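Residues in the sequence shown are numbered from 1 upward in steps of one, following our numbering. Note that CB positions come from ideal geometry on N, CA and C, so glycine has one too. Quick caveat, the model's predicted, so the values are computed rather than measured. Heads up: the structure comes next, in structure tokens.
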Amino acid sequence: MVTERSYYEVLGVERNASDADIKRAFRKLAQQWHPDVNADAEAVGRFKEINEAYQVLSDPKRRQIYDVVGTAGLGDLGGAGSPFGEGFGGFGDLFDAFFAGMGGNAPGSRRGARRQAGADLRYDLRVSFDEAVRGIEKEIEFDLLDKCGTCAGTGAAPGSIPSVCTACGGRGEVRSVRQTLLGQMVNVTACTRCNGEGRVIDSPCRDCKGDGRVQQHKKLRVSIPAGIDEGHQIRLSGEGEAAPRGGPAGNLYVAVHVIPHLALRRDGTEVYYDLQLSIAQAALGTRTRIPTIEGEEELEIRPGTQPATEIRLRSRGVPHLRRPGTRGDLHVLIHVNVPTKLSKRQRQLLEELAAETGEVVLPAGFLDRVKDALD
Ligand SMILES: [Zn+2]
Ligand SMILES: [Zn+2]
């Protein structure tokens, strides 16, 4: 023991503090006293003390023993110092090591046997523009390491059960104590006999050779929600690879790729169409057919429509993924094309138009002559 103060005093928390309070207090103090950031001569000792208090109070079993009989009851479990072996490593490493997995899968299991999780898988799925807009159910097929049916994923031959590892007593880890500059350190390593799993399979399943997994072909129906877009991922929890010997399965991520529409452009929920009009159509108005999500339909263009006009068809775009029943808009962007090649008759008519409004225009053949001169 480095101190006479109680572990609660060291962390500055009440005796009835919650796990979250303890974790918060530890984190704050560790940040303040970590030797990497605090040059104070006291820092090493303080950090060790804080760490020791946290090791005990963050573990419900050890905290209970400590509450009843103090450090004496903890035996070699108490006063352990750093669980990181020699040296402290980087500041970032420390916190990563400390908090990784603490909140999530198995609180308090950090010291116990660890179960390896199955790998996450990624499946790239191509859908058409229409399928992305309307939503669809797709069947996908792939090969993966899946749970062995013979042993139900345990890896043990049917009728047998895995036994507790005798090398580590089922804890999955082996401790060695060594002296360092900072005092006594306990080095914790995964048990090599059971690979940290705490259990050993004496008679392995024949089909998976004790792994609990076999290569399988899997078919899965994936429902693609209306409004999905390029680059979106659909997560299917637990549909990834199985874990060895019955651990938690990985996830399957379906990465969606949308094949673009030939005429419509999409930006999120908004859809754009570029409509080309002639000068006469824009000036006189017209009826034309445009592609929409629902198919081709007629659109009326008013006389005197200007270039760069946008006609907005409300709620004719792509459905919102998170707001069912609502859709973006279809934007029809008007482009007015000035003819570059004119027949004799067309030229004559345009010249008449210019004469009617008193505009000056170039005489016929002028540009061709300029071109010849430049060539
Ligand atoms: Zn098996
Ligand atoms: Zn073991």
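Contact test: residue i Cβ vs ligand 2 heavy atom, cutoff 8 angstroms
{"i": "residue 148", "result": "no"}
{"i": "residue 270", "result": "no"}
{"i": "residue 196", "result": "yes"}
{"i": "residue 27", "result": "no"}
{"i": "residue 193", "result": "yes"}
{"i": "residue 188", "result": "no"}
{"i": "residue 205", "result": "no"}
Separation of residue j from residue i, as counted between CA atoms
{"i": "residue 5", "j": "residue 209", "result": "53 angstroms"}
{"i": "residue 200", "j": "residue 268", "result": "53 angstroms"}
{"i": "residue 202", "j": "residue 171", "result": "18 angstroms"}
{"i": "residue 260", "j": "residue 24", "result": "50 angstroms"}
{"i": "residue 283", "j": "residue 311", "result": "16 angstroms"}
{"i": "residue 229", "j": "residue 281", "result": "35 angstroms"}
{"i": "residue 390", "j": "residue 226", "result": "With the chain running from 1 to 375 in the structure shown, residue 390 is simply not present."}
{"i": "residue 125", "j": "residue 332", "result": "30 angstroms"}
{"i": "residue 116", "j": "residue 127", "result": "34 angstroms"}
{"i": "residue 137", "j": "residue 265", "result": "24 angstroms"}
{"i": "residue 336", "j": "residue 146", "result": "60 angstroms"}
{"i": "residue 93", "j": "residue 51", "result": "Residue placement at residue 93 is poorly supported in this model, since its pLDDT is 33, which falls under 50; the coordinates are not used for a value here."}
{"i": "residue 365", "j": "residue 347", "result": "11 angstroms"}
{"i": "residue 111", "j": "residue 214", "result": "Note that residue 111 scores a pLDDT of 46, beneath 50, so its modelled location is shaky and nothing firm can be said."}
{"i": "residue 197", "j": "residue 26", "result": "29 angstroms"}
{"i": "residue 316", "j": "residue 235", "result": "29 angstroms"}
{"i": "residue 355", "j": "residue 345", "result": "15 angstroms"}
Where residue i falls, given that 16 or more other Cβ within 10 Å makes a residue buried
{"i": "residue 58", "result": "buried"}
{"i": "residue 141", "result": "exposed"}
{"i": "residue 173", "result": "buried"}
{"i": "residue 245", "result": "buried"}
{"i": "residue 192", "result": "exposed"}
{"i": "residue 161", "result": "exposed"}
{"i": "residue 319", "result": "buried"}
{"i": "residue 47", "result": "buried"}
{"i": "residue 327", "result": "buried"}
{"i": "residue 62", "result": "buried"}
{"i": "residue 9", "result": "exposed"}
{"i": "residue 40", "result": "exposed"}
{"i": "residue 100", "result": "In this prediction, residue 100 scores a pLDDT of 32, lower than 50, which makes its location untrustworthy; no coordinate-derived value is stated."}
{"i": "residue 153", "result": "buried"}
Residue i Cβ short of 8 angstroms to ligand 1 heavy atom set
{"i": "residue 169", "result": "no"}
{"i": "residue 214", "result": "yes"}
{"i": "residue 19", "result": "no"}
Nearest-angstrom beta carbon gap, residue j and residue i [assumed within contact, 8 angstroms]
{"i": "residue 118", "j": "residue 231", "result": "Incorrect: roughly 25 angstroms between the Cβ atoms, too far for contact."}
{"i": "residue 258", "j": "residue 129", "result": "6 angstroms"}
{"i": "residue 290", "j": "residue 272", "result": "The pair is not a contact, with the Cβ atoms about 11 angstroms apart (cut-off 8 angstroms)."}
{"i": "residue 56", "j": "residue 7", "result": "6 angstroms"}
{"i": "residue 285", "j": "residue 303", "result": "4 angstroms"}
- [ ] Mind listing, in chain order, the continuous beta strand (DSSP E) runs of no fewer than 3 residues lying wholly within the region 269-297?
- [x] DSSP runs (the beta strand (DSSP E)) wholly in the region 269-297: 270-278, 286-292.
- [ ] With a floor of 4 residues, list each alpha helix (DSSP H) that falls wholly inside the region 1-52, ordered by position along the chain.
- [x] Listed in chain order, the complete alpha helix (DSSP H) runs (minimum 4 residues) inside the region 1-52 are 7-11, 19-33.
Task: Ranges of the beta strand (DSSP E) found wholly within the region 306-373, counting only runs of at least 3 - done: List check, beta strand (DSSP E) in window: 310-313, 330-337.
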